[in-house]
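In what follows, a structure is listed as structure tokens, so that the remarks can point back to it.
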Amino acid sequence: MKLEESFYAGKDPVKVAKALLGKFIFTRIRGKVTAGMIVETEAYSYRERASHAYRGKTKRNRVMFGAGGVSYVYLCYGIHHLFNVVTNDAGIADAVLIRALEPKIGEDLMLKRMKTKKLTRITSGPGKLTKALGINIKHNGKPLWEDELWIEEGLPISKKKIKASARIGIDYAGSDALLPWRFTIEGNVWVSKP
DNA sequence: TACGTGATCACG
DNA sequence: GTGATCACGTAA
82 MKLEESFYAG KDPVKVAKAL LGKFIFTRIR GKVTAGMIVE TEAYSYRERA SHAYRGKTKR
142 NRVMFGAGGV SYVYLCYGIH HLFNVVTNDA GIADAVLIRA LEPKIGEDLM LKRMKTKKLT
202 RITSGPGKLT KALGINIKHN GKPLWEDELW IEEGLPISKK KIKASARIGI DYAGSDALLP
262 WRFTIEGNVW VSKP
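Following the working numbering, the numbering of the first sequence begins with 82 at its first residue and continues without gaps.
As structure tokens, this is what we get:
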């Protein structure tokens, strides 16, 4: 079952970040399906300095200012595409970054995209998982219940297994870098920094 | 630890 | 226009 708009729209990004653990991200590119279970997320709010939306609307972040339930994909360091889920209401620019997946469907195609044969750590990081699933800038701004990129109900994750920690790679955000808004499934080997 | 890589953003 | 910066990954 695909998650509906109500899962994202009007919802706090921290709550959605936790709720997304265990859910499955699917892509269907040129008819080929790949999917992975979300094992690591980070919440971003326009109210704090780590967010792209902190300084207001720009060409890059404009989809964050729309209603929840669409993707926000952008190019990072000129090389990596990063995939976010927009949450909350229009005008409240909140989002959740997907940082790691556990491969579930179409592993052979993911290996091909990653140019490796070993099914290890190929989706353990925000830049890698988009490459493995074929997500790129053209998916930016698309609702997450369409036919090329979507999210489905997955495995239930008990609250006890959800671990909070500080977000990665945002030292520039000063004290906001300390917010415990990174969520991982404790013990899962596919998280980005074990 | 160092650096590739290119769009983006805040300046003028 | 231009230059600094960057929600990363890999090699070393």
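From the three backbone atoms N, C-alpha and C, an ideal C-beta is built for every residue, glycine too.
Values in this document were obtained by computation on a predicted structure and should not be read as measured data.
Count the other CB atoms, across all protein chains shown, that sit within 10 Å of the CB of residue i; report buried if there are 16 or more and exposed otherwise.
i, result
"Ile160", "exposed"
"Ala134", "buried"
"Asp252", "exposed"
"Val270", "exposed"
On the three-state DSSP scale, how would you describe residue i?
i, result
"Asp228", "coil"
"Ile251", "coil"
"Ile218", "helix"
"Lys199", "coil"
Could you compute how far the alpha carbon of residue i sits from the alpha carbon of residue j?
i, j, result
"Val97", "Thr168", "7 Å"
"Lys104", "Phe146", "24 Å"
"Thr108", "Glu227", "10 Å"
"Ala258", "Ala247", "7 Å"
"Gly137", "Lys198", "43 Å"
"Ile119", "Val272", "9 Å"
"Leu156", "Lys241", "34 Å"
"Pro184", "Arg194", "13 Å"
Strictly by DSSP, which residues pair up with residue i?
i, result
"Val167", "Ala176"
"Pro184", "Gly117"
"Ala245", "Phe264"
"Lys83", "Glu233"
Counting only runs of 3+ residues fully inside the segment 99 to 162, write out the beta strand (DSSP E) ranges in chain order. 105 to 110, 113 to 125, 152 to 157
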